[in-house]
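Same order as they appear, the protein sequences are chains A and B.
According to the working numbering, the first sequence is numbered sequentially starting from 49.
According to the working numbering, the second sequence is numbered sequentially starting from 53.
Read through the structure below, which is laid out as structure tokens, and then see the notes.
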Amino acid sequence: MIKQYFRDQLGFRLVLASLLIGSLLSVFSTGIQLVASYNSQRAEATGVLDQIETTMSETLELALWTFDFDQVNIILDGIASNAAVTHLDLSSVTGHRWTRGVASETPLQRIYDLKHTPSTGQVQHLGTLRVELSLEAVVDRVWAQFWVTLLTNLVKAYVAAIALLYIVHRMISRHMHTIAEHVDGSSVATPSTELHLDRATRTKTDDLDRIVRAVTAYEGRVRKTLNTLQTEIAERVKSEQDAREALSVRSTFIGTMSHEVRTPLNSILGFLHLIETGKEVPERQRHYANVASRAARQLHNQLSNVLDMSRLDSNAVTISTRPTDIRRLAAQWQETTAAAVHFHQKDIDVTLDLEADLDAEYELDGARLTQIITNLTDNAAKFTTKGEIRIGVRRAPKQPDNGIGTCLEISVADTGPGIAEEDAARIFDRFSQIDEGLSRSHGGTGLGLAISLEMAQLMGAELRLASDERDGFACEFLLTLHCNVRLDSDHAAS
Amino acid sequence: MTRLVFAVLFAFQAVLAPLQAQTLSVVADEWPPFSGEALPNGGLSLDVISAVLRRAGYDVDTQVVPWARVIDGAQTGEFDIVGSLFEDAELQTFLSYSDPFFSTDVRLVQRKGDSHSFTTVDELRPFSIAVGDGFVYEADFDRADYLNKVVVTTTLQGVQMVAHGRVDLTLDSVDVIRHAITHDDPALADRVEFAPGVLVSQTLHMGVRHDLEGSTQIIADFNRVLGEMRDDGSLDALLAVHASRLIPE
């Protein structure tokens, strides 16, 4: 039981603090008591000198005068019996001398002039008595008193501390332990038992009662909140599962539909192309076929975008790299862009800016890269009315730290209307069109940039909008792509 | 049977009791050379009294106690006999005196060179005189309350006071004074001297308290044996033991 009290660290620290304070106060109070005691005993000791003068000097004078040396000895022995008296020296004018004790250097001494005063006649000098006192006995007593008082006070402090430890344990610590065990053992899954402290019921509540009420109430709130969260989690899991299923169904549907639509659409485009290029087709029907062909091609592009987005959502798009001649690829992009400009019947220059010291071939997925660049150049062709579209391929300013591979920066810049700063943040969102009017006039689903971004991320590349205008171009997209270099020797060996 | 044994023992005790010698407690104060704890056989008085009483067939137990206790013990029955007594009417109210067994002069002591002279007690009126507390000197002197008497405890104190000029005179038996000077403070011999004349010649007696059973018989036995010892010379032989203490003038 006692060990249990001392294992109570809170109570033990409280008791130690109490003990420390009690001990200090004990020493302090003992010191005060002993200073007072010392002063009192010193006054009492020095009072002996007055006492000798008032009670003994007359008797001593009479004994000396009558030569009653037995009486003198009795009186001196009586004085010397006082513990404070260390030395007596009585010298009479008749040449007699008595001493008691040992003379010492003490400031506490008094010399008595002993004389006889007869009823008639002159006062007769009888001798002198020197009495010396020592406070050594007083100091010894005070020290003894100090240790007794100190030990008594310390014992009291220790007993009080142990009693305090017991009281603290009984009244506080064991209940706190019960509360801690209850909280530790409580679980959301299994309802805990009611928190109950082993203490008498009181009419007035105290802090422990309030803690119990607070813990109980908190448990209730936590349990309720957790139930709510569990319900919400279950609902969200179900919703997520439903959404995944719906997305899968949608992707399957879109894929199926795109395939089912593109197949006849390709047939339509083929026949329209035959009509357009037929020699015997009247001009009017040729014009109709041309209009229908453009509409069908636009529909084909839209379907391709929807299909790509669907494939991206279902993680069906894969990146496969192979040695690619970037110069030739860039030339294709220029041609495709020029065709698009021609398609839109605009007077726009399409230029290619190739860095001179590019390597011959890079390990990259040319088809996916072309898809991204084509999306960018199509947009440029759509929204630029005059001026220039420039395709740039260069080494990126920042190359890999480890020196492995090369970072290419591919840019598509145009002199179109540009993109407002407040729109820059959402141009890569799906189905996002900055200018609804332009969108309607040029068509498009708003998926091109979103597909390009996701495709670039899939390749480990970064696609972004340049933050400032350069060389008079209002809009410039930058694609930074890390890829390995295909060395010429590799190429030769292969 | 048990009762018979006790009866025989009681009768035996009753028969033997009167045959046992009576033990007398003899007491005197410290008054050398007449009586004193350190003196041979307790001093002259106790030695003579003991010898006489033992020869008379008494057992004797001697003690030396302060004078005040001597008087108190004799009145209360603590002691049977008091030794070393001068003639004194007041003491004789409760003590029966024996015949004297020694005589001594009581003289006054003065500082050497002083010339005090007197023929009557009344002529001592101008002087301060140290006297022993309760001591008996001479009837007229003891009654003279008008004298400037300074009470001391011992004869030596009186002599010292005279020597140092604190009193003019003191007095006692010349044997007592000489013994005190010789044995306690020889330096006093150069400072004091006996004043001219003898105040009184005193005799030493033994006193038996009146209420002591057989006191008259004890006195009678003592006087009878004392006479016998004086006649056969044994008293002188006894006194000779203490002769060294009796210093001649």
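C-beta: ideal position from N, C-alpha, C; glycine also.
From a predicted model like this one, the values you see are computed outputs, not experimental measurements.
How big is the Cα-Cα spacing for B/L160 and B/L223? Counting from 1 along the second sequence, the entry for residue 160 of chain B is found at position 108. Counting from 1 along the second sequence, the entry for residue 223 of chain B is found at position 171. In a straight line, the C-alpha of B/L160 is about 4 Å away from that of B/L223.
By the DSSP assignment, the beta strand (DSSP E) with A/G318 in it spans what residues? Here residue 318 of chain A corresponds to residue number 270 of the first sequence, with the count starting at 1. That residue, A/G318, is in no beta strand (DSSP E); its alpha helix (DSSP H) goes D255 to T325.
Taking 8 Å as the CB-CB cut-off, is B/A292 touching chain A? Translated into positions along the second sequence, residue 292 of chain B becomes position 240. Judged by the 8 Å Cβ criterion, B/A292 is not in contact with chain A.
Between B/P70 and the rest of its own chain, which residues show a CB-CB distance below 6 Å, the 5 nearest in sequence each way excluded? For the purposes of this step, residue 70 of chain B is identified with residue 18 of the second sequence, where counting begins at 1. Annotation note: pLDDT 43 at B/P70 (below 50); position unreliable, no value reported.
CA nearest to the CA of A/D116, picked from B/V202, B/R243, B/R230 and B/V122: Residue 116 of chain A sits at position 68 when you count from the first residue of the first sequence. Comparing Cα positions, the closest option is B/V202.
Assuming A/I220 and A/V260 make a contact with CB atoms under 8 Å, what is their CB distance in whole Å? Within the first sequence, residue 220 of chain A is the residue found at index 172, counting from 1. Within the first sequence, residue 260 of chain A is the residue found at index 212, counting from 1. At roughly 13 Å, the Cβ-Cβ gap does not stay under 8 Å, so A/I220 and A/V260 are not in contact.
With which residues is A/A468 paired in a DSSP beta bridge? Your numbering for residue 468 of chain A matches position 420 in the first sequence. The partner list for A/A468 (beta bridge, DSSP) is empty, contrary to what the question assumes.
Within the region 128 to 165 of chain A, ranges of the beta strand (DSSP E) (whole runs, at least 3 residues): 133 to 140, 145 to 149 and 157 to 164
Please give the ranges of any beta strand (DSSP E) in the region 335 to 408 of chain A, keeping only runs that are unbroken, at least 3 residues long and fully inside the region. 370 to 373 and 395 to 402
Does B/M281 get closer than 8 Å to chain A when you measure Cβ to Cβ? As a first step, residue 281 of chain B must be located in the second sequence, where it is residue number 229. Not an interface residue.
Determine the closest residue to A/L495 out of A/V96, A/R478 and A/M503, with distance taken between C-alpha atoms. Counted from its first residue, the first sequence places residue 495 of chain A at position 447. Comparing Cα-Cα distances from A/L495 to each of A/V96, A/R478 and A/M503, the minimum goes to A/R478.
Cutting at 6 Å between CB atoms, please list the residues of its own chain near B/A215, excluding the five before and the five after it. Position 163 of the second sequence, counted from the start, is the residue given in the question as residue 215 of chain B. Here the set comprises L240, R243 and V244.
Determine the DSSP secondary structure at A/E331, reduced to helix, strand or coil. On the first sequence, position 283 is the one that residue 331 of chain A refers to. Helix.
Contact with chain A by B/Q212, beta-carbon distance below 8 Å: Mapped onto the second sequence, residue 212 of chain B falls at position 160. Judged by the 8 Å Cβ criterion, B/Q212 is in contact with chain A.
Between the Cα of A/S299 and the Cα atoms of A/L400, A/D356 and A/L406, which residue gives the shortest distance? Numbered from its first residue, the first sequence carries residue 299 of chain A at position 251. Checking every option, the nearest Cα to that of A/S299 belongs to A/D356.
At the level of alpha carbons, what is the spacing between A/T142 and A/L199? Stepping through the first sequence from its first residue, residue 142 of chain A is reached at position 94. Stepping through the first sequence from its first residue, residue 199 of chain A is reached at position 151. Those two C-alpha atoms are separated by around 55 Å.
Is DSSP giving B/H257 helix, strand or coil here? Residue numbering aside, residue 257 of chain B sits at position 205 when the second sequence is read from its first letter. It is a strand residue.
C-beta neighbour in chain A for B/T156, strict 8 Å: The residue you call residue 156 of chain B lines up with position 104 of the second sequence. Taking Cβ atoms only, chain A never reaches closer than 8 Å to B/T156, which makes this a no.
Would B/H235 count as contacting chain A if we go by Cβ distances under 8 Å? Numbered from its first residue, the second sequence carries residue 235 of chain B at position 183. No, B/H235 does not count as interfacial toward chain A.
Return the bridge partner residues of B/K201 from the DSSP annotation. Residue mapping note: residue 201 of chain B aligns to position 149 of the second sequence, counting from 1. BP columns for B/K201 point to B/I181.
Spell out whether any CB of chain A is found under 8 Å from the CB atom of B/R230. Mapped onto the second sequence, residue 230 of chain B falls at position 178. No, B/R230 lies away from the interface with chain A (no Cβ there is under 8 Å from its Cβ).
Taking Cβ positions, are B/D111 and B/L76 nearer each other than 8 Å? Position 59 of the second sequence, counted from the start, is the residue given in the question as residue 111 of chain B. Position 24 of the second sequence, counted from the start, is the residue given in the question as residue 76 of chain B. Yes.
The ligand PLP heavy atoms versus the CB of A/N201: any closer than 7 Å? Among the components of this structure there are no ligands whatsoever, and the ligand PLP is therefore not found.
Indicate whether A/Y86 and A/V196 have their beta-carbon atoms separated by less than 8 Å. The sequence position of residue 86 of chain A within the first sequence is 38, counting from 1. The sequence position of residue 196 of chain A within the first sequence is 148, counting from 1. It is not a contact, given that the beta carbons lie outside the stated cut-off.
Any beta-carbon of chain B closer than 8 Å to the one on A/D116? Within the first sequence, numbered from 1, the residue matching residue 116 of chain A stands at position 68. With 8 Å as the cut-off, A/D116 counts as an interface residue toward chain B.
Within the same chain, show all residues whose beta-carbon is closer than 7 Å to that of A/M507, passing over the 5 residues directly before and after it, in chain order. Here the question's residue 507 of chain A lines up with position 459 in the first sequence. Excluding residues within five positions, the ones whose Cβ falls inside 7 Å are I367, D413, R416 and L529.
Please list the partners that A/T142 has in chain B, where partner means a Cβ-to-Cβ separation under 8 Å. Your numbering for residue 142 of chain A matches position 94 in the first sequence. Residues of chain B passing the Cβ test: Q212 and H216.
Which residue from A/D471, A/V96, A/F476 and A/L62 puts its Cα closest to that of A/Q157? By one-based count along the first sequence, residue 157 of chain A stands at place 109. When only C-alpha atoms are compared, the closest one is A/V96.
Please list the terminal residues of the continuous beta strand (DSSP E) segment that includes A/K434. Numbered from its first residue, the first sequence carries residue 434 of chain A at position 386. Residues K434 to R443.
Residue closest to A/L112, alpha-carbon to alpha-carbon, out of A/N427, A/L424 and A/K163: In the first sequence, residue 112 of chain A corresponds to position 64, counting from 1. With distances taken between Cα atoms, A/L112 lies closest to A/K163.
Which one of A/E184, A/L174, A/E109 and A/A65 has the shortest CA to CA distance from A/T94? Taking the first sequence and counting its residues from 1, one reaches residue 94 of chain A at position 46. The shortest C-alpha separation from A/T94 is found at A/E184.
Taking only runs of the alpha helix (DSSP H) that begin and end inside the region 85 to 146 of chain B, which ones reach a length of at least 4 residues, in chain order? 96 to 107 and 119 to 128
What does B/V204 reach in chain A if we use C-beta pairs closer than 8 Å? Position 152 of the second sequence, counting from 1, holds the residue named residue 204 of chain B. Ordered by position in chain A, the residues that pass the 8 Å Cβ test against B/V204 are T114, F115 and D116.
What does the alpha-carbon distance come out to for the pair A/E436 and A/C523? Here residue 436 of chain A is taken as the residue at index 388 of the first sequence, counted from 1. Here residue 523 of chain A is taken as the residue at index 475 of the first sequence, counted from 1. So the two alpha carbons sit approximately 11 Å from each other.
B/Q209 touches chain A at which residues, Cβ-Cβ below 7 Å? Within the second sequence, the letter at position 157 stands for residue 209 of chain B. Chain A residues near B/Q209: T114, F115 and D116.
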